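Read left to right, the sequence shown gives residues 698 to 812 (this note's numbering).
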Amino acid sequence: MERKTSYGITLGFSIVSLIFSILGIISMIMIYVMFIYAGSGHGTQAVTNEAVLGITGAIFFIGMMWFFAGLGALIGFIMTIVGIASKNTKILWIPVVSLILGMIPYVITMMFAFR
Numbered sequence: 698m699e700r701k702t703s704y705g706i707t708l709g710f711s712i713v714s715l716i717f718s719i720l721g722i723i724s725m726i727m728i729y730v731m732f733i734y735a736g737s738g739h740g741t742q743a744v745t746n747e748a749v750l751g752i753t754g755a756i757f758f759i760g761m762m763w764f765f766a767g768l769g770a771l772i773g774f775i776m777t778i779v780g781i782a783s784k785n786t787k788i789l790w791i792p793v794v795s796l797i798l799g800m801i802p803y804v805i806t807m808m809f810a811f812r
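This is the structure we're talking about:
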């Protein structure tokens, strides 16, 4: 009976980590959209409302990306270790995918930061 409870908890946390990692990926895509929106102003003013809103949105989504992707990767890593230790190999792919998806925004950020 305890094995099913452990399986359910592991499955639940694995799905939560996958959701957080996907939210991190969506936030990363929204950063790109916000920067396109910031550069879309065709006014003659030096700083347009579109540019301010775009940069504000990009900063907001940068924070969300780092938070959600990091949390999803951390929970995915912990659930991978728990899944290996408890031999739950049927659902081991969920935290592994979550860990990989959670690390993608960090890798892309570092690629652009240090080029």
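Ideal Cβ placement from N, Cα and C applies to all residues, glycine included.
It should be emphasised that the depicted structure is a prediction, and the values quoted were computed from it without experimental measurement.
- Isoleucine 706 counts as exposed, since fewer than 16 other beta carbons sit within 10 angstroms of its beta carbon.
- Membership of isoleucine 805 in the alpha helix (DSSP H) is indicated by the continuous run 790-810.
- With a cutoff of 9 Å on beta-carbon distance, isoleucine 797 and isoleucine 712 are scored as not near each other.
- For asparagine 785, there is no enclosing alpha helix (DSSP H), as DSSP marks it with neither H nor E.
- The alpha-carbon of leucine 715 is positioned some 8 Å away from that of alanine 770.
- Note on geometry: alpha-carbon atoms of threonine 786 and alanine 766 lie some 24 Å from one another.
- Ranked by Cα distance from methionine 807, the first of Trp763, Ile772, Lys784 is Trp763.
- Across the structure, serine 718 and serine 795 are spaced so that their CA atoms are roughly 6 Å apart.
- At a Cβ-Cβ threshold of 9 Å, glycine 760 and methionine 727 do not count as neighbours.
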